[in-house]
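For the sequence shown, UniProt numbering assigns the number 1 to the initial residue and increments by one for each residue that follows. Below is one structure, written out as structure tokens, with a few remarks after it.
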Amino acid sequence: MLAELYVIYQGLSLAKYMEIEELVCYSNSLHCMNLITGPNVKYHVHAVLIQDIKKMFSRNNVSLCHTLKEGNQWADFFAKFGASTDADMSIHASPLKAFLIF
Numbered sequence: 001m002l003a004e005l006y007v008i009y010q011g012l013s014l015a016k017y018m019e020i021e022e023l024v025c026y027s028n029s030l031h032c033m034n035l036i037t038g039p040n041v042k043y044h045v046h047a048v049l050i051q052d053i054k055k056m057f058s059r060n061n062v063s064l065c066h067t068l069k070e071g072n073q074w075a076d077f078f079a080k081f082g083a084s085t086d087a088d089m090s091i092h093a094s095p096l097k098a099f100l101i102f
């Protein structure tokens, strides 16, 4: 769950840095989505991260949508890509060739 929340946080941070005004965020984790869209949780182990994400959602025109894990091919691709690199974060100016096959 920490990985999913952290990826959402990093994505929102990157969108803010890039001055993206409208964003749709897809997640296959209903639990994370409920934590983000639900009432504040004070005693959750990731409460600070969840609250930071909520603040980012409230400041921007951001939508959070659920996708089935079977349809979340990009998350699978990036999970494998991230596991194969030592970099903390990778930013690409243009789409990777792997995107062009879908």
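Beta carbons are placed, not taken as given, at the ideal position from N, Cα and C, and that holds for glycine.
Annotation: TYR6 is outside any beta strand (DSSP E); the continuous alpha helix (DSSP H) that includes it extends over 2-17. Beta-bridge analysis with DSSP links TYR43 to no other residue. The bridge partners DSSP lists for CYS65 are TYR26. Secondary structure of MET89 (DSSP, three-state): coil. Pairwise C-beta distances place the segment 9-19 in contact with the segment 47-66, as three or more of them are shorter than 8 Å.
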